[in-house]
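Its first residue numbered 42, the sequence shown is counted upward by one per residue in the working numbering.
Read the structure below first, then the notes.
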Amino acid sequence: MGRLPVASPTTPVSSLRRLRLTVAYDGAPFRGVSEQAGQPTVMGALREALETVVRQPVDLVVAGRTDAGVHGWGQVVSGDVPPSVDPATLVRRLNRLCGPAIAVRSADWVPDGFSARFDALWRHYRYDVLNQAAPDPLLAPTAWHVVEPLDLASMRLGCDPMIGEHDFASFCRRPKVSPGFAEASLVRRVLSATWRHVDHDRTDGLLRFEIRGTAFCHQMVRSIVGTLVDVGRGRRAAGEVSAILAARSRAAASSPAPPHGLCLWEVGYPDALVTP
């Protein structure tokens, strides 16, 4: 394979072009998506690989932050690169450098004003629960094993109060607030939320929670899953979920579900911003 055409390290910003990457990753080796000094992160590894290929610094914007151990299938990243870059060749080279823990599924040119974060209309998450007596070693990295039988109908009922715009303080870790600054709002809009059985060739006990919202706060999805699994266990009633929301207190909800069952599945954008 020939070398990817690159520009010099002094390529003017005005000469760069906006690129959108769709990225999948195994969250287990990383301390989350966002870069942290001295820690292995998805964005840190991806940025280093991209800068190696294009031979100049690249600032990247990510659609949704995911915590340590959380996976991604449809994460979206945007950044500016020299216009001489061939997206298909870039994908191959990045996957050689980042795989198998990180895979760039696609790379496409987008309008210069496109932002993976700020132009996103919604984020869609999946959470898998293996509900059977015996563990499954092949599902263990991506599904929470819950031994107690779960009442799926009650868990579905518990989803209903989540739909719409609410203050999700009961399900979010409150961000630290610097002196002199106002506390950030934890009001979020959930567009859909449901549980279903997943067809699987080895088990009929794989359950999946799917939730779509305009944005999510820290640990929100995992805290919702932890609470709804307690509903399924019979430790809580589905009718309690409205009161938990209204309490606006983290102590009112259950502990967060483990991170490894969660995956950022897809991010949605206006059609006009997907193509240049």
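Even glycine gets a Cβ: it sits at the ideal position worked out from N, Cα and C.
It should be emphasised that the depicted structure is a prediction, and the values quoted were computed from it without experimental measurement.
Taking the alpha carbon of residue i as the reference point, which residue from the options has its own alpha carbon closest?
i: A287; options: L303, V102, S211; result: S211
i: G320; options: C139, Y66, G140; result: Outside the shown range of the chain, which is 42 to 317, sits residue 320, and nothing can be said about it.
i: V99; options: G105, T107, R106, L87; result: L87
i: A279; options: L198, I265, A223; result: L198
i: A234; options: Q97, K217, T244, R249; result: R249
i: Q173; options: P182, V188, A181; result: V188
i: R214; options: W236, S264, P220; result: S264
i: F71; options: V64, T63, Q80; result: Q80
Using 8 Å for Cβ pairs, my map puts residue i next to residue j. What's the rounded Cβ distance?
i: R61; j: F155; result: 6 Å
i: V95; j: V126; result: 6 Å
i: R164; j: A256; result: 7 Å
i: D192; j: G140; result: 40 Å between Cβ atoms; not a contact.
i: A157; j: V118; result: 6 Å
Give a yes or no on whether the C-beta atoms belonging to residue i and residue j are separated by under 7 Å.
i: A184; j: G302; result: yes
i: S147; j: V272; result: no
i: M84; j: L57; result: no
i: D208; j: R137; result: no
i: L305; j: G113; result: yes
i: E76; j: T82; result: yes
i: I285; j: A293; result: yes
i: P311; j: G267; result: no
At the level of alpha carbons, what is the spacing between residue i and residue j?
i: W150; j: P123; result: 11 Å
i: A69; j: A109; result: 7 Å
i: P299; j: P190; result: 18 Å
i: V103; j: L162; result: 14 Å
i: L247; j: V170; result: 6 Å
i: D201; j: R253; result: 13 Å
i: A225; j: S295; result: 22 Å
i: L227; j: H186; result: 30 Å
i: R106; j: G73; result: 8 Å
i: G308; j: A223; result: Residue identity check: residue 308 is Val in the sequence provided, not Gly. Rounded to whole angstroms, V308 to A223 spans 29 Å at the Cα level.
i: G205; j: A78; result: 37 Å
i: H241; j: V270; result: 20 Å
i: T130; j: G120; result: 17 Å
i: H238; j: D153; result: 41 Å
i: R277; j: P216; result: 27 Å
i: V282; j: R230; result: 16 Å
i: A181; j: E92; result: 34 Å
i: V64; j: L135; result: 11 Å
i: W236; j: E251; result: 6 Å
i: P18; j: D245; result: Absent from the model: residue 18. The displayed extent of the chain is 42 to 317, so no value can be given.
i: A48; j: R243; result: In this prediction, A48 has a pLDDT of 43, which is less than 50 and means its spatial position is unreliable; nothing more can be read from the coordinates.
i: R59; j: M203; result: 36 Å
i: V111; j: Q97; result: 29 Å
If we define contact as Cβ-Cβ less than 7 Å, is residue i a contact residue for chain C?
i: H241; result: Although the question refers to chain C, the structure presented lacks it and comprises just one protein chain.
The ligand GDP heavy atoms versus the CB of residue i: any closer than 6 Å?
i: D192; result: Only the bare structure without any ligand can be found here, which leaves the ligand GDP out of the picture.
Checklist line | Segment contact flag, the segment 170 to 180 with the segment 258 to 265, C-beta cutoff 8 Å, min 3 pairs | finding: no
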